[in-house]
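Numbering (my numbering), first residue to last: 5 to 58.
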């Protein structure tokens, strides 16, 4: 994984990506479902960032 190796080389802490997928109206999801997934995703990002800061 080149990105992980680059982070290690730069003496950075590598974290696994927090991915948001399957959020398309074309895929049959409603705007409300997409909004809910986005809110849950943002909560995961905040948790990840807060964990790193502490």
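Backbone N, C-alpha and C define an ideal beta-carbon position, used for all residues, glycine too. Only a predicted model underlies this, so the values are computations on that prediction, with no experimental measurement involved.
**Message:** Please tell me whether residue 19 and residue 56 are closer than 9 angstroms, where the distance is taken between their beta carbons.
**Reply:** yes
**Message:** In this structure, how does DSSP classify residue 56 when only helix, strand and coil are distinguished?
**Reply:** Helix at residue 56.
**Request:** Measure the alpha-carbon distance for residue 39 versus residue 25 and round it to whole angstroms.
**Result:** 12 angstroms
**Item:** Reduced DSSP secondary structure (H/G/I, E/B, other) of residue 4
**Value:** Only positions 5 to 58 of the chain appear in this structure, which leaves residue 4 out of reach.
**Request:** Give me the Cα-Cα distance between residue 5 and residue 44, rounded to the nearest whole angstrom.
**Result:** 27 angstroms
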